[in-house]
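Scroll down for the structure; my scribbles are underneath it.
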Amino acid sequence: MSMHTPERPDQSPDALPVGTGLLERILAFCQRQKVVMALLAVLTIVGGLSVAPFDWRLPWLLRAPVPVDAIPNIGENQQIVFSEWAGRSPRDVEQQVTYPLTTALLGVAGVKTVRSNSSFGLSEVYVVFDDSVDYYFARTRILEKLASLAPGLLPPGVTPRLGPDATALGQIFWYTLDGLDPQGRFVGGFEPDELRTLQDYYLRYALLAVDGVAEAASIGGFVREYQVELNPQQLKAYGISLEDVAAAIQKANIDVGARTVEINRVEYLVRGLGFIKTLDDLGWTLVATRNDRPVFLNQLGAIGFGPALRQGALDKDGHEAVGGVVVTRFGANPMEVIAGVKAAIARIEPALPKRTLADGTVSQVRVVPFYDRSGLIRETLNTLDEALASEILVTVLVVLAMVLHMGASLLVSALLPLAVLLTFLAMKAFGVEANIVALAGIAIAIGTMVDMGIILTENILRRRDEAPPGERLNLTVFLASREVGGAILASIATTVIGFLPVFFMTGAEGKLFRPLAFTKTFALTASLVVALGFIPPAAELLLRKRDWDRARDFSPYEIAVYLGAVLAFFLDAVAGVAMAVMGGLYLARRFVSPQRGVMLTRAAVGTAVAAVAVLLARHWLPLGPERGIGRNLIFVAMVLGVWLGGFHLFHRHYARVLSWCLEHKRAFLALPASLVFLGGLVWLGFGALFGWLPEFMRSSPPLAALERAFPGMQKEFMPPLDEGSFLYMPTTMPHASTAEVLDIVQRQDEALRAVPEVASVVGKLGRA
């Protein structure tokens, strides 16, 4: 016979009336396990700082930041197959190379469409896969298909090659090789073929070794090659054809291996050394024998170095240049790749050649960037970093001024940075890239994130003030959290569910706006976790009613005074002095009456408000740095004073305003109806709303004036970005030669460079 003892409720002093709901259990666990929650908070801070996309200088922390870029990649899942067939017309390339490749690649698994382009001597086939197909899986399938092409499908000598594993946004760093004097002025002194050789065989290989670089392509200049200018009379005299000369050069430019020879018990390798290394080697190439006498190549014509045929060129400020473009690998962090490229350039630049010109000037080859994506990325991130910092400062100031409670203000203020760091961790875990759209999702979620902390903290303060004598603070915090926890959860869930359609958007729209939906969802979820998981246990420490007769309770404020002094001396004077003053004011409350203690508390809050206002003015500088910190501070104080004063007036007279609105429903509803109508008029335009009116009415002066005043809001798919550069793309007639187009580009670049505000002009024409 077994006896069952009913489970007795927990009778410990810290017991909480936990029900069967999951939310209540979570709240109770977080309040009971304060050490665990504190450790989780520390881990969140450290982890968030390590993966934050901003360029924060934290030498003591191992950094693995979220990949960053200026704008999201909205391109298709595309691979490019190149095929060269030198000297052939676009029609021949299309019929014999492009078309067979296109039909063969249509059968690759996951292919959505295949596009192609044929030009002089070059075929380009663009294979577009479904977005669900893995990028490198697509490349593997194409390589397998190219390796299994039927013999004879393509002309002899045509070998298709797969393009670099990069996207359309992969071109992140462009540069030129310029001869500069010690003061950094352009002096030249190097021929285009010399610079191109330096780029192809020295600089390019060094940049390809950088982690994350998919390609370092060369642009401009001349590719140096051996050239043989044959004399037709000599060929006729010796009875030698062009094919004989080509075959002889090809056979001569090879090393031949033979067997071994053993002499005195030593084994020697027998080889025939035939690789051409100098012009002299090429000149003594045996072409044929006539009447038992050898005919060498130098007897048939002139031999020398010369430029290869080119289909493109590069110009900089009106003179021909040589450069390159660095393409980042798919999935790599552009900022890290650019940093690696700059480090590689810094290592090899001192070893680049130098020479003394005729006037005695020393010219050394330098790598001069003319497009650097990191500038745009840094400006974008800095803008959003400043926006987030300003929003946090404004939030702290408003909470301090409205709540007038230091502990509650610290709770709400700590929610924002902790939730943002938790959002960065989620972005890293889910592979969401940080760009202007993704980080904007965090910025627009700030208001809702703050609401979670304000609602919960204010309810805890109200329950604490209304609690019966003797009620434990942990019980008060639990009951207050349970009371509004469901509403907070429902509010967040409603907002997150409202963004579900964005997650299912396809095409370019989905790639553009999905990062925003992800980051906003992460931010709201993180604010929910912080509000319900971290604020309740922290509230027990910061919102406790203390007995001011006990000196032990003043130790945190003593620490604040000392910490403020250190902070003022080493980091920031304003924040440090404010912290020390607030700590001193709180310490002084033990020596005064409770009434004067309230005044000291308000003085401490006022000090915090003033300090945050100064920090906000210094960080924001709404009037510009040239106006000085004083005028900016006055402007910030006026703006915040108007807003906060308006809020206080609304809060004081809210009951009276609400009563009037309920008594005069029709008059009040006319206001939102008018706002909706005016908003539709601004958004859609007068013509869209009143296009049904007869023409004689629409052409009347009043309505015509309204139609001109409200044309409707313009639409643009991509947000405007000011990179500080202009892209000018002139077009010439198809029959224009490379020399003619280069002459046109140089004259245009010289004219554009003459504009005083223009720092540099670089023109590219044709193919590299």
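Read left to right, the sequence shown gives residues 1 to 768 (full-length UniProt numbering).
Ideal Cβ positions, reconstructed from N, Cα and C, are used throughout, including at glycine.
Predicted, not measured: the structure shown is a model, and the values here were computed from it.
Quick check on DSSP: helix, strand or coil for residue i?
{"i": "His653", "result": "coil"}
{"i": "Gly220", "result": "strand"}
{"i": "Gln227", "result": "strand"}
{"i": "Val187", "result": "coil"}
{"i": "Asn333", "result": "coil"}
{"i": "Asn382", "result": "helix"}
{"i": "Ala313", "result": "strand"}
{"i": "Phe129", "result": "strand"}
{"i": "Lys520", "result": "helix"}
{"i": "Ala358", "result": "coil"}
{"i": "Ile74", "result": "coil"}
{"i": "Pro453", "result": "The amino acid at residue 453 is misidentified as Pro; the sequence shows Gly. Gly453 falls in the helix class under three-state DSSP."}
{"i": "Phe686", "result": "helix"}
{"i": "Ile80", "result": "strand"}
{"i": "Ala168", "result": "coil"}
{"i": "Ala209", "result": "coil"}
{"i": "Phe635", "result": "helix"}
Report yes if the C-beta distance between residue i and residue j is below 9 Å; otherwise report no.
{"i": "Pro53", "j": "Leu381", "result": "yes"}
{"i": "Glu433", "j": "Val68", "result": "yes"}
{"i": "Leu528", "j": "Gly48", "result": "no"}
{"i": "Ile446", "j": "Ile492", "result": "no"}
{"i": "Phe186", "j": "Asp193", "result": "no"}
{"i": "Gln234", "j": "Gly301", "result": "yes"}
{"i": "Glu740", "j": "Thr732", "result": "yes"}
{"i": "Val223", "j": "Ala343", "result": "no"}
{"i": "Val412", "j": "Val450", "result": "yes"}
{"i": "Val322", "j": "Gly220", "result": "yes"}
{"i": "Ala611", "j": "Val574", "result": "yes"}
{"i": "Leu352", "j": "Arg366", "result": "yes"}
{"i": "Ile80", "j": "Leu162", "result": "yes"}
{"i": "Ile629", "j": "Ala617", "result": "yes"}
Just to confirm my understanding: we take residue i, look at its own chain, exclude 5 residues before and 5 after, and list those with CB closer than 8 Å. What are they?
{"i": "Leu154", "result": "Ser83, Gln96, Val97, Pro100, Leu101, Pro160"}
{"i": "Gln746", "result": "Asp315, Gly318, His319, Glu320, Gly763"}
{"i": "residue 844", "result": "Lying before the first or after the last residue shown, residue 844 is absent from the chain, which here runs from 1 to 768."}
{"i": "Val755", "result": "none"}
Pick out whichever of the options has its Cα sitting closest to the Cα of residue i.
{"i": "Asp743", "options": "Tyr728, Lys764, Ala508", "result": "Lys764"}
{"i": "Arg293", "options": "Pro232, Phe504, Tyr238", "result": "Tyr238"}
{"i": "Tyr136", "options": "Pro65, Gly407, Val657, Gly110", "result": "Gly110"}
{"i": "Glu458", "options": "Met406, Ala147, Ala611, Tyr175", "result": "Met406"}
{"i": "Trp174", "options": "Tyr371, Leu376, Thr383", "result": "Tyr371"}
{"i": "Arg767", "options": "Phe190, Leu649, Glu144, Ala313", "result": "Ala313"}
{"i": "Ser409", "options": "Ala508, Gly301, Ala538", "result": "Ala538"}
{"i": "Glu385", "options": "Val420, Val398, Pro353", "result": "At residue 385 the sequence reads Asp, which differs from the Glu that was named. Of the listed residues, the one whose Cα sits closest to Asp385 is Val420."}
{"i": "Val398", "options": "Ile338, Ala613, Ile442, Lys511", "result": "Ala613"}
{"i": "Thr285", "options": "Val261, Ala560, Lys251, Val81", "result": "Lys251"}
{"i": "Leu541", "options": "Ser725, Arg259, Thr197, Ile460", "result": "Ile460"}
{"i": "Ile559", "options": "Leu678, Leu543, Met582, Arg544", "result": "Met582"}
{"i": "Lys511", "options": "Val561, Lys520, Arg196, Asp131", "result": "Asp131"}
{"i": "Gly184", "options": "Gly274, Leu439, Gln364", "result": "Gln364"}
{"i": "Val228", "options": "Lys236, Ser218, Leu242", "result": "Leu242"}
Which residues in the same chain as residue i place their Cβ atom closer than 7 Å to its Cβ, once the five residues preceding and following it in sequence are excluded?
{"i": "Leu752", "result": "Val758, Val761"}
{"i": "Phe522", "result": "Thr423, Ala426, Met427"}
{"i": "Ala531", "result": "Leu415, Met452, Gly453, Leu456, Ile488"}
{"i": "Gly170", "result": "Ala214, Val327, Thr328"}
{"i": "Leu282", "result": "Tyr226, Ile276, Leu297, Ile303"}
{"i": "Ala86", "result": "Gly121"}
{"i": "Thr289", "result": "Val295"}
{"i": "Leu207", "result": "Val213, Ala216, Val326, Val341, Ala344"}
{"i": "Gln299", "result": "Gln234"}
{"i": "Met37", "result": "Cys30, Gly533, Phe534, Pro537"}
Starting from the C-beta of residue i, find all residues in its chain whose C-beta is less than 6 Å away, skip the five residues before and the five after it, and write them out in chain order.
{"i": "Val437", "result": "Pro72, Pro515, Leu516"}
{"i": "Ser119", "result": "Pro90"}
{"i": "Leu640", "result": "none"}
{"i": "Leu113", "result": "Leu is not the amino acid found at residue 113; the sequence shown has Thr there. Val128."}
{"i": "Ala568", "result": "Gly576, Val577"}
{"i": "Ser481", "result": "Leu27, Pro536"}
{"i": "Ala138", "result": "Gln79, Phe129"}
If we define contact as Cβ-Cβ less than 9 Å, is residue i a contact residue for chain B?
{"i": "Val396", "result": "The structure shown contains no chain B; it is built from a single protein chain."}
For the region 85-95 against the region 357-373, are there 3 or more C-beta pairs whose distance is under 8 Å? no
Measuring CB atoms only, is the region 22-35 touching the region 479-497, in the sense that at least three cross pairs come out at less than 8 Å? yes
Counting Cβ pairs, one atom from each stretch, are 3 or more of them under 8 Å apart for the region 601-612 and the region 627-635? no
So, does the region 193-213 touch the region 327-345, judging by three or more C-beta pairs under 8 Å? yes
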